[in-house]
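Protein chains in written order, with this note's numbering: chain P, 8 to 236; chain G, 8 to 785; chain C, 316 to 489.
Here a beta-carbon is modelled for each residue, glycine too, at the ideal position from N, C-alpha and C.
Please read all numbers here as calculations on a predicted model, not as lab measurements.
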Amino acid sequence: MNAPGGSLLVAEGLRKAYGPTMALDGAEFSIHPGEVVAVMGPSGSGKSTLLHCLAGIVTPDSGSIMYDGQDLATMSDAQRSRLRRSDFGFVFQFGQLVPELTCVENVALPLRLNGAPRKQAERTALEWMQRLEVDDLGRKRPGEVSGGQGQRVAVARSLVTDPRVLFADEPTGALDSLNGERVMELLTEAARSANAAVVLVTHEARVAAYSDREIVVRDGKSRDMERVI
Amino acid sequence: MNLRQWSRDLGLGVRFAFAGGREGWIRAVLTAVGVGLGVAVLLLTTAAPNALEVRHDREQARLDWPFGEPPAKSDRTLLIAQSDTTFRDKDIRGRMLEPEGARAPLPPGLNRFPAKGDMVVSPALKKLLAADDSAPLRERLPYHVVGTIGESGLVGSQELAYYSGATGLTPHVNGAVVNRLETFGDPNPSQEKTDPVLLLLILVVIVVLLMPVAVFIAAAVRFGGERRDRRLAALRLIGSDGRMTRRIAAGEAMAGSLLGLVLGTVFFLAGRQAAGTVEVVGVSVWPSYLNPSPALAALVVLAVPTAAVLVTLFALRGVVIEPLGVVRAAKPARRRLWWRLLLPLGGVAMLYPMIGQGHAGGDFNQYLVSGGVILILVGITALLPWLVEAVVGRLGSGGVAWQLAVRRLQLSSGTAARMVNGIAVAVAGAIALQMLFAGVDGDYTKATGQDVSRAQMQVRVPDGAPLGPTALKFADTKAVRKVTALWEGYLGDSSWKSQDGPQTLGALAVGECPALRELAKLPSCKDGDTFVLDGGGTSNDGPILNKPGRKLYFEQSSDDHSADVLWTVPPGVKKAHSVKGLTDWERDGFLMTPSALPKAAEKRVSGEIYLSIDESVPDAYEYARNTAFRVDPLSQPMNWTATRSDTKFSSIRTGLLVGAAGVLALIGASLLVSQLEQLRERRKLLSSLVAFGTRRRTLGLSVLWQTAIPIVLGLVLAATVGITLGAVLLRMTDTPVDVDWASVLAMTGIGAGVVLVVTLLSLPPLLRLLRPDGLRTE
Amino acid sequence: MSIGHTLLGLLESGPRHGYDLKRAFDEKFGHDRPLHYGQVYSTMSRLLKNGLVEVDGIESGGGPERKRYAITDAGITDVEQWLATPEKPEPYLQSTLYTKIVLALLTHRDAADILDTQRAEHLRSMRILTDRKRRGDLADQLICDHALFHLEADLRWLELAAARLDKLKAAVHT
């Protein structure tokens with residue numbers, strides 16, 4: 008298989024069925040380091056499933072996902088978990104911050120899962136929170152901050168491990184447009200400065216406009232919009 | 008606010024309880040199962056007194072002693088002999104029957120007499136006889152099984168019993184082992200008067216068993232509280248007022264508890280049936296015993312739904328349900344200690360006036376006892392939330408799993424404490440009871456004073472059987488290491504037939520020199536010698552009687568009217584120092600070698616054979632018992648054990664053990680249920696944690712910590728309160744306070760075991776929840 | 316956009332030279348297209364003729380002749396009227412894109428391709444605007460947002476049309 012030159016993550020011929028529903032039906036994907044790729048498509052088109060496959064959260068029924076020379080589809084669950092801890096970052100629409108932990112503890116969590124000592128992890132976490140302009144929320148719990156702030160905390164958490172790929176599933180879905188755009192701005196800026204690739208699943212064109220490139224998923228099939236023109 | 012509105016709102020709540028798709032159903036069923044288990048235990052408890060009564064009645068109805076004058080032989084009399092035996096650690100009730108005429112009374116549960124060589128057995132014995140490894144028992148009871156004993160003749164479904172046919176019992180009638188009967192049972196059944204200590208024990212057992220059930224029901228109706236709060240908020244949005252939502256919530260709780268009543272009845276009936284197949288510490292019951300008294304059952308039916316509704320309303324008191332969500336009364340105030348301490352202190356205050364009443368012929372005020380114990384135990388449920396909050400707030404950092412657990416506990420320490428309350432109450436109660444038993448046991452358990460180290464079994468040789476050959480039979484028996492054969496009797500200073508009987512009497516043991524050396528240090532010994540014992544300094548009766556030429560009278564039973572048999576103390580009786588030998592006590596009186604015993608006295612002494620058993624041989628005791636049974640089925644070999652507990656106490660202890668096991672299992676189930684519910688509500692969060700690479704082990708550990716921390720606190724508190732309560736109760740019975748650390752450890756260990764099992768059981772569902780499907784948004 | 320009304324409005328804060336007017340306009344509104352000086356000159360002549368402005372004074376010497384303009388009362392009334400009159404919402408009822416699709420369907424060409432091409436083009440524009448918005452000031456952001464919302468609306472329509480192509484096809488061929 009030939010990856011497009013210099014690609015970091017390449018998927019080909021992905022198929023995945025949940026029961027009788029075909030979520031992915033031969034989808035393809037590729038992304039370069041530092042690139043932001045939007046995955047768009049109507050609800051139920053399979054765009055979240057594509058993200059889950061690319062991130063090694065679910066294994067596809069068939070197809071290959073090459074990341075850095077290894078095929079995610081053939082890795083064990085433990086190997087994929089390790090990869091997610093070390094190389095990937097995640098932002099979801101909601102339900103991602105642990106409500107009992109303070110914001111800074113939430114951001115430090117991925118570092119601590121990698122074995123970092125608590126003090127050091129929280130120091131790094133606070134630096135990232137500064138970059139996302141939420142460092143004043145450190146001691147608060149997620150329930151005590153606004154949606155936009157919470158989402159920025161989540162972005163800080165996704166970037167705290169210096170991931171090479173950041174997966175964002177509707178990161179602004181629960182926010183108004185002003186907060187959403189601020190989050191997108193900070194997210195893409197932080198990712199670009201860290202040279203992290205961003206896979207951005209969204210159904211909002213204005214969010215997708217923060218990307219460098221767009222993939223549309225329809226009925227489980229993907230279409231690279233750059234090749235359209 | 009009228010009745011129609013009330014019923015409409017409650018009805019709406021009932022509908023909500025079962026509506027809401029699969030989730031709603033699961034929640035309703037969980038609540039119902041929880042309440043149902045509680046109801047089942049309550050019903051069993053209400054049935055327990057009845058069961059004890061029926062057992063007592065059956066026991067009374069088959070008593071086989073002639074009450075009053077022993078009847079004369081007629082065609083209406085029956086000869087009955089006790090031929091009880093023991094197989095491994097199980098007691099078997101055995102009776103030999105010899106009807107003396109056509110109208111002889113049939114024992115309860117039999118419809119005809121077995122012929123000689125036949126026997127009628129209980130179902131449990133039939134099963135035991137048929138078991139592969141019961142060969143020694145089959146050898147002992149070689150009779151042909153011709154039928155089974157009916158339920159009316161047994162006190163429990165698992166009782167081991169048989170009736171065998173016999174002949175030739177007539178010469179053995181002695182008013183003890185062999186009796187002549189015209190009728191079974193006590194014509195005036197006893198109404199046992201319970202003594203105050205016993206009453207105290209029963210009260211405490213009932214309270215200790217019911218308290219955790221109450222705590223449990225309180226927890227069960229709160230399953231799924233958060234989801235319900237959201238639903239109530241939605242109802243407020245479409246225009247129902249605060250009172251209405253509370254009524255609807257009450258309706259929901261009522262629906263669960265009503266279904267719980269139905270389930271509870273089913274569980275009870277199933278448990279009742281199952282109870283017939285189990286035996287705990289030698290006690291079993293028939294299902295038909297377990298009939299709850301109608302009044303108590305009705306009380307349960309009314310009380311449970313009422314309690315469910317009240318608990319729900321109580322839980323909602325700090326909650327403001329707004330149209331846009333549920334607001335918990337801001338940040339709940341820090342829990343205060345002082346009023347929480349009032350409860351247990353109040354309990355102690357109620358018990359205090361009764362300290363020392365146990366032995367002064369006084370009695371206990373039932374209400375004060377129950378009230379005091381309840382207050383002390385309820386105090387745990389009040390103190391635990393405070394303790395958990397105080398400790399968890401100070402817990403420091405640790406690994407990720409620890410951090411997740413501690414932070415969660417800090418945020419909702421009340422929920423955590425609620426989950427553990429039941430176990431803490433049960434453990435505290437059980438510890439107190441164990442202490443009470445251990446302390447009171449000293450009074451009610453008689454020391455048998457037999458030294459287990461030298462001889463483990465004693466067999467009485469039947470009248471008329473020769474001692475020597477009988478001893479040889481035992482010597483040839485497998486697993487018997489050593490046989491010591493002695494004739495034993497008593498010598499008195501005057502006739503046993505006189506008005507008052509002898510004033511001074513000494514024991515007499517007759518045997519070969521080696522056997523006598525087991526009892527005393529003999530300077531020398533040859534056949535024909537007689538020795539007098541110094542009684543180890545505790546009894547001087549031997550030396551007092553040892554006056555050469557003095558006539559002593561051999562023991563004679565009161566209904567034996569034959570002539571006195573006398574022994575003249577010869578000169579030259581050697582002095583000997585008695586030692587603790589076969590028995591735990593030092594003998595006094597005289598020792599004789601066989602030829603020193605007057606011929607006429609041979610009928611006045613009875614043969615005893617002491618056996619030393621090689622316990623390393625499997626079923627070692629069974630061979631000796633078989634030999635004993637072959638020699639004489641009525642011989643009843645005794646195992647020498649250190650103590651023998653009063654049967655009354657062992658039955659209460661049994662009740663406690665069964666109850667504690669049941670309650671802990673019940674609470675374990677509720678812990679599991681609420682654990683799973685919590686996990687399900689956090690499904691999305693858990694999935695996203697897995698997405699960014701959290702190890703499953705970390706999440707599993709955090710679940711363990713989250714349960715273990717409150718449990719440890721709960722158990723510490725339970726041990727403290729339990730020991731305090733136990734000490735107070737012991738003081739009440741006027742028994743020295745002695746903490747039974749073994750039972751404290753055992754009970755807390757069981758509590759901890761429940762937690763471990765619950766965590767292990769919740770792991771598979773946790774792992775299922777961690778599957779990435781949880782991230783999918785519909 | 317009415318340049319005349321805009322220049323009048325700028326004059327309301329005080330008399331200005333023509334060149335000052337152009338600079339003020341460019342600064343505030345002319346991000347895309349700066350005004351030509353000639354445009355200012357012709358517009359001011361028209362306003363003078365209609366009596367909405369008057370010449371406040373002439374500076375000469377050195378460079379070109381520089382007239383200073385001031386707004387008249389009639390001019391103020393005119394600005395007021397313009398601001399108070401709502402703009403007619405653009406109905407977009409005659410869409411070129413719609414025409415293209417129907418024609419493609421009628422001639423059995425791939426209409427979905429047309430939609431996707433357009434979609435890609437729209438998103439490209441949106442990316443440029445987004446980028447400019449990120450670098451620009453508040454004015455830039457507001458202007459770009461306006462355009463972005465319009466483009467987003469178009470894009471939504473494209474998505475909707477794509478989802479309904481089959482129905483449309485059936486309707487066109489009957």
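CB-CB length for residue i against residue j, believed under 8 Å
i	j	result
residue 18/P	residue 24/P	Their Cβ separation, rounded to whole angstroms, is 16 Å, which puts residue 18/P and residue 24/P out of contact at 8 Å.
residue 435/G	residue 676/G	Wrong, their Cβ atoms sit about 20 Å apart, outside the cutoff.
residue 518/G	residue 561/G	Wrong, their Cβ atoms sit about 16 Å apart, outside the cutoff.
residue 195/P	residue 96/P	Between residue 96/P and residue 195/P the Cβ distance is about 13 Å, and since that is not below 8 Å, they are no contact.
residue 418/C	residue 387/C	The Cβ separation is near 53 Å, so there is no contact.
residue 222/G	residue 428/G	5 Å
residue 700/G	residue 83/P	Their Cβ separation, rounded to whole angstroms, is 14 Å, which puts residue 700/G and residue 83/P out of contact at 8 Å.
residue 477/G	residue 630/G	Going by Cβ atoms, the distance from residue 477/G to residue 630/G rounds to 15 Å, so no, they are not a contact pair.
residue 424/G	residue 382/G	Rounded, the Cβ-Cβ distance is 18 Å, inconsistent with contact.
Endpoints, alpha helix (DSSP H) assigned at residue i
i	result
residue 39/P	That residue, residue 39/P, is in no alpha helix (DSSP H); it is neither H nor E in DSSP.
residue 124/G	Looking at the DSSP string, residue 124/G is not in any alpha helix (DSSP H), and its letter there is neither H nor E.
residue 475/G	474–482
residue 437/C	426–450
residue 711/G	703–739
residue 364/C	352–364
residue 209/P	That residue, residue 209/P, is in no alpha helix (DSSP H); it is neither H nor E in DSSP.
residue 131/P	125–138
Three-state secondary structure (DSSP) of residue i
i	result
residue 652/G	Note that residue 652/G has pLDDT 45, beneath the 50 cutoff, so the model's placement of it is unreliable and the number below is only indicative. Residue 652/G falls in the coil class under three-state DSSP.
residue 169/G	strand
residue 323/C	helix
residue 453/G	Low confidence applies here, because residue 453/G scores a pLDDT of 46, under 50, leaving its location unreliable and the question unanswered by this model.
residue 1/G	Past the edges of chain G, shown from 8 to 785, lies residue 1/G, and the structure says nothing about it.
residue 106/G	strand
residue 176/G	coil
residue 386/C	strand
residue 82/P	coil
residue 93/G	strand
residue 600/G	coil
residue 400/C	coil
residue 34/P	strand
residue 52/G	helix
residue 332/C	strand
residue 151/G	strand
residue 88/G	strand
residue 137/G	helix
Continuous beta strand (DSSP E) stretch holding residue i: start and end
i	result
residue 494/G	487–499
residue 96/P	95–98
residue 72/P	69–74
residue 538/G	537–540
Using a Cβ-Cβ cutoff of 8 Å, what residues of the stretch 114–129 of chain P are near chain G? List them in chain order. 116, 117, 119, 120 and 125
At least three beta-carbon pairs within less than 8 Å, the stretch 123–143 of chain G to the stretch 41–52 of chain G: Judged by Cβ distances under 8 Å, the stretch 123–143 of chain G makes no contact with the stretch 41–52 of chain G, as fewer than three pairs qualify.
To be precise: take each residue of the stretch 186–214 of chain P, compare its Cβ to all Cβ atoms of chain C, and keep it if any distance is under 7 Å. Which residues remain? Cβ contacts with chain C come from 192, 212 and 213.
Given 8 Å as the limit, is there contact between the stretch 438–453 of chain C and the stretch 461–480 of chain C, that is, 3 or more CB pairs closer than that? yes
Closer than 9 Å, Cβ to Cβ, to anything on chain P: give me those residues from the stretch 390–411 of chain G, in chain order. 404, 405, 406, 407, 410 and 411
Could you name the residues of the stretch 219–233 of chain P whose beta carbon sits closer than 9 Å to any beta carbon of chain C, in the order they occur along the chain? Against chain C - using a Cβ distance shorter than 9 Å - the residues of the stretch 219–233 of chain P are 219, 221, 223, 225, 230, 232 and 233.
Is it a yes or a no for the stretch 122–138 of chain P touching the stretch 160–174 of chain P, going by three-plus beta-carbon pairs under 8 Å? yes
Please list, in chain order, the residues of the stretch 251–276 of chain G that have any C-beta partner in chain P closer than 9 Å. none
Meets three-Cβ-pair contact criterion under 8 Å: the stretch 63–81 of chain G and the stretch 710–717 of chain G: no
Using a Cβ distance threshold of 8 Å, determine whether the stretch 295–302 of chain G contacts the stretch 248–268 of chain G, with at least three qualifying pairs required. no
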